[in-house]
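All you need for the working numbering is the position in the sequence shown, starting with 1, plus 1.
Positions of the beta carbon are idealized from the N, C-alpha and C atoms, including for glycine.
One structure below.
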Amino acid sequence: MKRILKFLLKLIAGFFLFTIFFVILYKWVPVPFTPLMAIRYFENPEEPIQHEWVPISEISPHLQLAVISSEDQNFLNHSGFDIKAIEKAMDENKTGKRLRGASSISQQTAKNVFLWPQRSWFRKGLEVYFTFMIELFWSKERILEVYLNSIEMGKGIYGAEAASQAWFNKSAGKLSAYEAAAIAAILPNPRRYRANPASNYINQRKNWIVRQMQNHGRFHLN
């Protein structure tokens with residue numbers, strides 16, 4: 002029993018050291034690939050992976066504001082978890098309607114960089130852990146930078162630069178407000194929807210996001 006306990010303690014300590022190392026490493030180093038990229042590759046090796054890391058200074062402020070306005074309007078104010086959004090989602094889900102998510106940008110970043118896309122309590126628990134860790138060690142600017150460089154934005158398309166080139170044939174720094182909103186509009190299901198040309202549904206979401214951007218106004222990352 003003592004040997005088993007000692008082994009488990011070493012395993013737990015190793016897990017914490019290993020994860021803390023990578024969280025601190027990615028505070029400065031660009032994330033080269035994500036578990037989702039690897040999964041998509043093994044699912045369909047013929048689908049090319051488009052991904053190019055760019056610093057946040059080279060990503061249009063329109064896109065930064067678009068994803069905050071559409072995905073997590075309290076991003077700058079919460080510590081990783083938007084409690085009000087979670088409570089609202091739980092209330093709406095109890096009505097039996099289509100399940101509503103309430104993952105913050107921090108949670109989505111933690112999931113994309115460190116975990117796999119699966120609905121389970123175990124993975125959700127790890128998501129909470131990694132969300133806490135990146136909020137502890139990273140700045141909000143770094144979280145947004147990693148998010149915009151890592152998330153899936155189309156079939157085989159990952160990150161703002163690849164999405165900008167694929168959908169609008171321009172660099173991420175030159176996106177207009179409506180182009181940025183179009184990319185943000187497809188994020189709930191980027192493998193199903195297209196940013197350009199956009200369907201009526203995506204156009205409606207795009208216009209809604211632009212209105213939210215106008216209401217949200219300018220923002221400042223600390």
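Not a single unbroken stretch of the alpha helix (DSSP H) spanning 4 or more residues falls wholly within the stretch 6-30. Assignment of GLY155 by DSSP, reduced to helix, strand and coil, places it in the strand class. With contacts defined by Cβ atoms closer than 8 angstroms, ALA182 and MET214 form a contacting pair. Assignment of HIS52 by DSSP, reduced to helix, strand and coil, places it in the strand class.
Counting other Cβ atoms within 10 Å of its Cβ, GLY218 stays below 16 and is therefore classed as exposed.
For ALA196, there is no enclosing alpha helix (DSSP H), as DSSP marks it with neither H nor E.
Two segments are said to touch when three or more pairs of C-beta atoms, one from each, lie closer than 8 angstroms; by this definition the stretch 181-195 touches the stretch 60-67.
Counting C-beta pairs closer than 8 angstroms gives three or more between the stretch 156-170 and the stretch 47-58, which meets the contact rule. LYS3 has its alpha-carbon roughly 37 angstroms from the corresponding atom of ASN113. Per DSSP, the unbroken alpha helix (DSSP H) holding LYS112 starts and ends at 106-115. In this structure, DSSP gives PHE123 a helical state, which the three-state scheme calls helix.
Its chain contains LEU149, ALA161, ALA173 as the residues whose beta carbon lies nearer than 6 angstroms to that of ILE60, once the 5 sequence neighbours on both sides are disregarded; these appear in chain order. The alpha-carbon separation between SER121 and GLY15 amounts to approximately 23 angstroms. Here LEU116 has PRO36, ARG124, LEU127, GLU128, PHE131 as same chain residues with Cβ atoms under 8 angstroms from its own Cβ, once five neighbours each way along the sequence are excluded. Exclusion of the five residues before and after ARG143 leaves LYS28 as the residues of its chain whose Cβ lies within less than 7 angstroms of its Cβ. Distances from the alpha-carbon of ALA103 to those of ASN75, VAL147, MET134 put ASN75 closest.
When DSSP states are grouped into helix, strand and coil, GLN215 belongs to the helix group. The DSSP-derived three-state label of PHE76 is coil. The residues VAL24, SER107, THR110, ALA111, ILE144, in chain order, have a CB closer than 7 angstroms to that of ILE135 in the same chain once the five nearest residues on each side in sequence are set aside.
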